[in-house]
Amino acid sequence: MRWFLPVLTVVAAIIVFWYLACVPMNVKFAMMTAERQGVAVSPEGMQARRDMSAVLLAIRNPVVWPDTWAQDKPRLPAPHQVVAELWRTTAEVAPTSKRSLVFHAWVTLSATLLGFGIGAGAGIILAIGIVHSRAMDMSVMPWAIASQTIPILAIAPMIIVVLNSFGVQGLLPKAIISAYLSFFPVVVGMVKGLRSPGAMDLDQMRTWSATRTQTFWKLRLPASAPYLFASLKIGVASSLVGTIVAELPAGGGQGLGFRLLSGSYYGQTVQIWAALFATAVLAAGLVAIISTVERVTLKRMGLA
Amino acid sequence: ADDLTLQLKWVTQAQFAGYYVAKDKGFYDEEDLNVTIKAGGPDIAPEQVIAAGGADVITTWMAAALAARERGVDLVNIAQPFKTGGLQVNCLKSSGIETPADFPGHTMGVWFYGNEYPFYAWMASLGIKTDGASEDGVTVIKQAFSADPLIQGQADCISTMTYNEYRQILQAGITEDELVTFNYLKEGFGMLEDGLYVLGDKLEDPAFKDEMVRFVRASMKGWKYAEANPAEAAEIVLENDETGAQTLDHQEYMMTEVAKLTAGSNGALDPADYDQTVATLLKAVSPDNPAITKEPEGAYTLEITDAALK
Amino acid sequence: MTLVFAAFAVWALAWWGNVWLANGPARDMTATRLAVPVIFGLTLLAIWELVVRGLDVSMVILPPPSVIADKISTSLPILWTDFVQTFVKGALSGYVIGIAAAFVVAVIADRSSFLRRGLLPVGSFVAAMPIVGTAPILVMWYGFDWQSKAAVVVVMVFFPMLVNITAGLQETSAMQRDQMKTWAASYWQGFWKLRLPAAMPFVFNGLKISSTLALIGAIVAEFFGSPISGMGFRISTSVGQLALDMVWAEIFVAALSGSVFYGAIALIERGVTFWHPSQRT
Amino acid sequence: MITASHLDLTFETNDGPVQALRDVNLEIEKGDFVSFIGPSGCGKTTFLRTIAALETPTGGEITVNGMTPEEARKARAYGYVFQAAGLYPWRTIAGNIRLPLEIMGFTKAEQKKRVDKVLELVDLGTFGKKFPWQLSGGMQQRASIARALAFDADILLMDEPFGALDEIVRDHLNEELLKLWARTGKTIGFVTHSIPEAVYLSTKIVVMSPRPGRITDVIESPLPKERPLDIRDSPEFLEIAHRVREGLRAGHAYD
Amino acid sequence: MITASHLDLTFETNDGPVQALRDVNLEIEKGDFVSFIGPSGCGKTTFLRTIAALETPTGGEITVNGMTPEEARKARAYGYVFQAAGLYPWRTIAGNIRLPLEIMGFTKAEQKKRVDKVLELVDLGTFGKKFPWQLSGGMQQRASIARALAFDADILLMDEPFGALDEIVRDHLNEELLKLWARTGKTIGFVTHSIPEAVYLSTKIVVMSPRPGRITDVIESPLPKERPLDIRDSPEFLEIAHRVREGLRAGHAYD
Ligand SMILES: Nc1ncnc2c1ncn2[C@@H]1O[C@H](COP(=O)(O)OP(=O)(O)OP(=O)(O)O)[C@@H](O)[C@H]1O
Ligand SMILES: Nc1ncnc2c1ncn2[C@@H]1O[C@H](COP(=O)(O)OP(=O)(O)OP(=O)(O)O)[C@@H](O)[C@H]1O
Ligand SMILES: Cc1ncc(C[n+]2csc(CCO)c2C)c(N)n1
Ligand SMILES: [Mg+2]
Ligand SMILES: [Mg+2]
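Chains as they are written, first to last, in the working numbering: chain A, 681 to 984; chain B, 11 to 320; chain C, 123 to 403; chain D, 17 to 271; chain E, 17 to 271.
Following this line, the structure appears as structure tokens:
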């Protein structure tokens with residue numbers, strides 16, 4: 681609860697700032713509508729306002745302020761508009777309806793979980809290989825780094841097309857892209873974790889003549905637990921981003937990624953923001969779940 | 011029933027109403043076809059999908075199809091439900107543009123991703139530079155698929171479709187008399203829009219050919235039904251939209267506008283339109299914009315529509 | 123098919139060679155350290171070439187490396203323009219601004235534990251918003267040129283940096299801070315002489331993560347509107363034109379510049395945090 | 017000069033309060049060499065930290081030169097040697113010793129002069145340019161002592177400074193410390209676990225006992241200021257050592 | 017039983033080779049209690065590690081029970097207590113002690129029996145279920161000793177096991193260790209910085225000197241096997257201590 685008040689304060693500050701920001705952001709459109717309805721604004725005429733600073737316009741025309749928080753397709757929707765949209769698309773429609781964000785979140789979530797499973801699994805296996813084989817360490821690591829500098833959004837469509845041509849469709853292509861983004865943090869974290877036992881810990885194992893396998897199970901793996909969880913948290917967030925990215929070219933369909941995009945095709949900013957928040961909530965939820973597992977596990981291991 | 015996959019160029023919307031109606035109304039079933047319709051998006055190149063075997067038939071614009079042909083994807087037009095095109099350029103009068111001669115010095119939004127060929131053809135024939143470097147040229151920006159740049163004042167002119175972005179501009183409060191509209195067709199740079207394309211080698215298989223005949227027949231039945239019943243068609247589209255983000259109001263509008271484009275076609279490609287598209291594209295050949303460099307051959311066949319429509 | 127089998131053979135051979143190099147007598151030579159990853163990379167390319175040719179994969183799906191290399195050599199001017207637009211103008215400036223902003227906020231959060239407890243959870247929530255969602259918004263706000271790309275990069279690198287700097291500033295031991303106290307050092311003396319140097323290993327961790335994010339962010343942002351140059355612009359339009367060789371040429375440039383960027387930061391890290399145990403063996 | 021009266025210090029922890037110091041009364045005169053000895057956890061470190069204003073007492077009073085410890089710290093009255101060397105790995109040995117001088121605003125020339133002097137004092141003259149990790153543990157400890165000496169604070173507080181050193185080095189440093197103290201007349205507070213060390217160095221030995229931390233005995237040493245190493249075999253020495261050992265044993269559970 | 021002849025060990029480092037051991041010759045009989053003493057960096061740890069096959073000599077020869085150290089290690093001949101306790105934080109005290117038993121494939125029942133036995137031995141009977149960080153430093157050190165004892169290796173190697181403890185606790189543990197050694201007849205190698213500790217415990221004291229690390233003196237203790245604590249005041253004791261101190265002093269640069 682120590683964080684409750686601070687978070688509340690920060691959120692409140694952001695909301696106030698957000699409402700204020702809406703005014704200059706949406707002021708030009710508000711003045712145009714006002715002008716059409718015969719309200720006096722200054723200066724008159726769209727042309728005259730074209731190159732004027734939005735802040736200046738906002739200050740000069742307080743009459744239009746209320747409208748900047750109530751537009752249909754604002755540049756920046758006001759917080760309550762986003763909340764209303766979230767409410768409308770979660771609470772007021774059945775969760776199985778395709779108009780429900782819950783439904784789309786579920787679709788995205790299932791691909792994310794599958795992808796995260798694949799990615800984390802691959803990451804851990806790769807890390808085990810890297811820790812135990814010098815050749816793998818030297819050759820794979822630089823390329824794992826290089827792989828992350830490839831813009832995923834650029835190759836995601838190609839991956840999808842190629843997988844499609846092998847008849848792989850539906851959840852799996854999305855999951856593979858999501859796995860691609862999540863394996864890297866897991867590899868890096870796990871390599872660090874599996875290498876975290878100090879020279880003395882390893883020497884101890886040697887004085888007992890432990891085998892590599894015994895050393896792995898009884899020393900390296902437990903020692904890597906804190907690193908594992910830290911990287912799983914980054915990994916699961918990346919995984920979600922991966923799914924969203926993969927949804928863009930997957931050919932129209934269900935999922936938060938599509939909501940984001942279709943919002944942008946039709947200029948529905950409120951819908952975009954609602955989808956954005958839904959994604960962030962999903963990510964925060966996933967991270968929170970891992971944190972909980974982490975706390976319980978580390979506690980049982982006596983590490984927390 | 012025979013299984014078929016249709017890859018669309020864009021997301022589920024009334025632009026593709028004919029196919030959704032045919033599926034929903036059972037026209038495909040009547041022809042003993044089991045059609046899967048795959049929605050597209052900005053990052054989907056249907057030409058690539060069909061080359062990779064992910065679809066049997068695709069919709070795309072002819073310019074893109076011919077460009078793909080030159081790159082070794084043997085695309086053949088088998089039907090052309092869109093008689094005329096809905097692509098246009100909208101400018102703000104306030105920016106001082108009245109005729110194409112006023113373009114130089116202004117910023118223009120263009121859709122890329124295979125949609126840019128008509129624009130470059132037009133500019134080439136107007137003699138306007140598009141590299142952004144010269145004083146007497148235009149500054150081209152890659153416009154995302156929305157009307158925002160004009161509404162936000164980031165561009166003086168943007169690309170729109172009559173059936174979609176144009177209305178978004180109007181809805182944003184800009185009135186028709188504040189706008190100048192250039193229709194590519196009227197400017198003489200119209201190109202054939204949504205047509206149906208398949209891979210040439212597959213057409214050698216009589217069974218596939220027969221499937222296509224049935225497919226085109228049913229699809230055209232769908233189109234004509236949609237033209238006659240725009241409200242119902244819009245609703246069918248909405249039902250098929252998996253994102254659940256579309257609005258009925260907008261789809262109804264789109265359906266009425268699209269109907270204007272499909273009205274003149276019974277599905278058969280008019281070779282004269284084809285010739286005009288090719289001629290226009292060939293005018294624009296430049297190293298930067300290699301749509302096509304030479305006259306294509308065998309890029310369309312009338313056999314399917316002949317068989318389907320008799 | 124023989125080519126595909128050849129691919130397997132190449133793989134096995136190169137792997138065997140690498141294992142020998144990595145464990146053999148020359149294991150600790152600089153040349154070996156460089157050769158092993160290079161051999162590994164070349165093997166991947168060879169396999170790619172052989173499989174693509176062996177299975178006769180269409181050029182519009184996946185061109186072989188030889189074709190891509192050819193395209194790179196004939197398109198250097200375009201690749202250079204795109205590199206400048208995206209990497210230098212978009213990614214680098216956003217990277218610098220993002221890091222600077224993170225530093226400022228980190229210091230503020232450091233001085234007030236109230237703000238730290240409030241900002242970090244909210245910050246991680248904001249950071250969880252996918253860039254594919256924020257990019258269109260930022261393009262709408264900051265226009266089509268590199269400024270909006272820089273803004274996207276700022277948003278992307280801000281949080282990883284903030285987390286790392288904050289963690290780094292906590293890194294000093296209680297004893298070290300007490301030491302400063304016994305000398306009656308001011309906040310800023312303590313900051314410059316103790317906390318900042320001690321935070322450097324973390325800061326560089328953040329800098330490295332952010333370096334890959336920055337380039338990806340700048341490229342992705344171009345998908346949502348851009349001038350007619352830039353790596354993201356070229357990639358997206360080239361896919362539309364089925365010019366896959368150009369797409370891969372740009373991806374190559376991206377991977378190369380991203381890796382070099384990463385490597386440069388790792389090198390600076392070696393110099394700055396020479397004292398840290400992880401750098402000392 | 018340092019006066020603690022009825023000092024209490026309780027730490028609040030998750031599983032209840034820990035009383036680290038209870039009713040501690042002590043007078044330290046200017047120029048005293050005071051050793052603190054006692055079993056682990058009896059509050060030696062806590063008391064030293066309270067003098068240096070690193071902990072705030074929860075009861076009682078403590079004054080340093082008539083000021084509060086906080087004021088004395090602001091006046092840079094303390095040189096503090098922590099139990100571990102605590103050198104900054106990114107600075108050379110000389111750089112580490114220079115650090116407090118930089119902070120206190122000495123001139124460049126003055127800084128150099130003082131660094132050279134204290135390096136000489138702890139026998140590290142040629143090691144100024146090395147980094148801490150290039151030195152053995154004992155050398156690091158000496159560098160840390162040099163650092164505390166560099167700015168000539170009136171009060172020197174040392175928390176087990178020689179814990180990690182072997183007997184010979186320890187003897188040597190003990191001698192040096194005594195010389196320094198005799199020459200400069202500093203007030204020194206010194207924590208140790210070694211009985212002979214405490215007896216050899218101090219004018220006053222404070223024996224403490226844990227749970228709660230308190231002073232059980234204060235022994236004034238009758239030994240002269242001049243102390244050769246072999247004074248440790250004298251009967252007076254052994255007698256004091258015996259008294260300290262008895263006091264210490266009382267604090268342990270064994271026998 | 018352990019024989020080192022002309023043993024050399026040189027470390028290759030960035031700034032040249034470091035000769036940690038040169039021409040080391042030593043015989044350790046079964047049942048010996050051998051202490052190693054010498055200034056920091058003289059190679060005590062290195063020599064202990066070489067016996068346990070944790071380092072490979074670059075010259076000379078070493079045999080353990082007639083085998084190479086490597087073979088002896090495979091035969092699980094060693095119990096090694098490192099300078100720091102080195103308990104795994106994710107295992108309870110009992111779990112930590114059980115670990116080598118698991119690795120060596122003892123049965124569950126046997127594991128339990130042995131763990132209970134050694135816990136009792138080091139006075140930690142009721143602490144088996146606690147985690148390491150819930151124990152004080154001294155208790156952790158004892159647990160680590162218990163772990164090395166659990167599998168009854170013939171040879172016990174201990175590297176400054178009591179370094180971090182205060183005098184009283186140390187005395188107590190010294191007594192316990194002597195009892196254990198007398199009862200089991202193990203061979204023990206023991207590194208320490210404390211002269212009285214070395215003399216009190218050992219049958220043989222090895223004095224080493226640095227740069228390069230070598231043995232300068234080997235002192236056979238004439239003390240009886242039975243040693244009460246106050247044997248430390250006996251003249252024999254003091255004489256040996258004196259000899260050790262002299263040997264040690266020779267290794268230092270002072271006076
Ligand atoms: N920050 C703290 N929070 C809670 N308890 C503390 C804290 N610091 C010290 N203590 C407790 O106060 C008591 C005295 O600790 P202190 O460090 O002063 O002992 P010490 O005499 O220096 O022991 P040692 O010889 O081990 O250094 C101990 O019981 C310790 O656990
Ligand atoms: N891994 C290593 N690499 C390089 N040099 C080493 C290594 N281990 C030890 N040395 C060097 O070998 C010499 C002997 O070291 P060792 O640890 O055996 O000393 P020691 O007698 O145990 O000292 P201490 O009393 O400080 O523990 C030292 O000079 C040390 O610097
Ligand atoms: C075959 C075909 N080719 C191009 C487009 C492109 N297009 C038409 S409308 C539009 C904007 C969104 O309505 C875009 C990008 C298409 N849809 N269908
Ligand atoms: Mg202490
Ligand atoms: Mg040692």
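We put the beta carbon where it would ideally sit given N, CA and C, even for glycine.
- Our two residues, residue 228 (chain D) and residue 90 (chain D), have alpha carbons roughly 30 angstroms apart in a direct line.
- For residue 101 (chain B), the beta-bridge partners assigned by DSSP are B:167, B:190.
- Contacts with chain D at 9 angstroms (Cβ-Cβ) include residue 182 (chain E).
- Relative to ligand 1, the nearest heavy atom lies less than 8 angstroms away from the CB of residue 226 (chain D).
- Relative to ligand 2, the beta carbon of residue 854 (chain A) is positioned no closer than 8 angstroms to any heavy atom.
- Of the heavy atoms belonging to ligand 1, none sits nearer than 8 angstroms to the Cβ of residue 145 (chain E).
- Contact annotation for residue 265 (chain E) against chain D: 184 [CB-CB distance below 7 angstroms, chain order].
- Taking non-hydrogen atoms of ligand 1 into account, the C-beta of residue 99 (chain D) is found less than 8 angstroms away from one of them.
- Cβ contact annotation for residue 226 (chain B) (same chain, cutoff 7 angstroms, sequence separation greater than five): 88, 89, 206, 277, 314, 315, 318, in chain order.
- Identification of residues in the region 800-822 of chain A having a C-beta nearer than 9 angstroms to some C-beta of chain C yields 813, 814, 815, 816, 817, 818, 819, 820, 821, 822, given in sequence order.
- Of all C-beta pairs linking the region 789-803 of chain A to the region 860-870 of chain A, three or more are shorter than 8 angstroms, placing the two stretches in contact.
- Not one heavy atom of ligand 2 sits closer than 8 angstroms to the Cβ of residue 244 (chain D).
- For the region 117-165 of chain B, the continuous alpha helix (DSSP H) assignments of 4+ residues that do not extend past its boundaries occur at 127-136, 158-161, in sequence order.
- Here the alpha carbon of residue 761 (chain A) sits roughly 14 angstroms from the alpha carbon of residue 956 (chain A).
- Judged by the Cβ position, residue 185 (chain D) fails to qualify as a neighbour of ligand 2 at the 8 angstroms threshold, every heavy atom of the ligand being at least this far.
- Identification of residues in the region 86-103 of chain E having a C-beta nearer than 9 angstroms to some C-beta of chain A yields 89, 90, 91, 92, 94, 95, 96, 98, 99, 100, 102, given in sequence order.
- Between residue 105 (chain B) and residue 738 (chain A), the alpha-carbon positions lie close to 23 angstroms from each other.
- Going by beta carbons, residue 282 (chain C) and residue 347 (chain C) fall outside the 9 angstroms limit.
- Annotation for residue 362 (chain C): no residue places its beta carbon closer than 8 angstroms to its own, counting only its chain and skipping 5 residues before and after.
- For residue 884 (chain A), the secondary structure class from DSSP, reduced to helix, strand or coil, is helix.
- In the DSSP assignment, residue 69 (chain B) forms a beta bridge with B:206.
- Under the 9 angstroms criterion on CB atoms, residue 320 (chain C) is classed as interfacial with respect to chain D.
- Among the residues of chain D, those whose CB is under 9 angstroms from the CB of residue 297 (chain C) are 98, 99, 100, 102, following chain order.
- Sequence-distant partners of residue 123 (chain B) (beyond 5 residues in either direction) whose C-beta falls short of 7 angstroms from its own C-beta, in its chain, are 52.
- Residue 27 (chain B) is a Cβ neighbour of residue 247 (chain B), given a cutoff of 9 angstroms.
- In this structure, the CA atom of residue 217 (chain D) is about 28 angstroms from the CA atom of residue 223 (chain E).
- Look at residue 701 (chain A): its beta carbon is at least 8 angstroms from all of the heavy atoms in ligand 2.
- Closer than 8 angstroms to some heavy atom of ligand 2: that describes the Cβ of residue 62 (chain E).
- Taking 7 angstroms as the upper bound on Cβ-Cβ separation, chain C lies near no residue of the region 274-293 of chain B.
- Using a 10 angstroms sphere on the CB of residue 30 (chain B), the tally of other CB atoms reaches 16 or more, which defines it as buried.
- As for any alpha helix (DSSP H) of minimum length 4 sitting wholly inside the region 19-61 of chain B, the runs are 27-34, 37-40, 56-61, ordered along the chain.
- Per DSSP, the beta-bridge partners of residue 52 (chain D) are D:207, D:222.
- No Cβ-Cβ contact shorter than 9 angstroms links residue 205 (chain E) with residue 232 (chain E).
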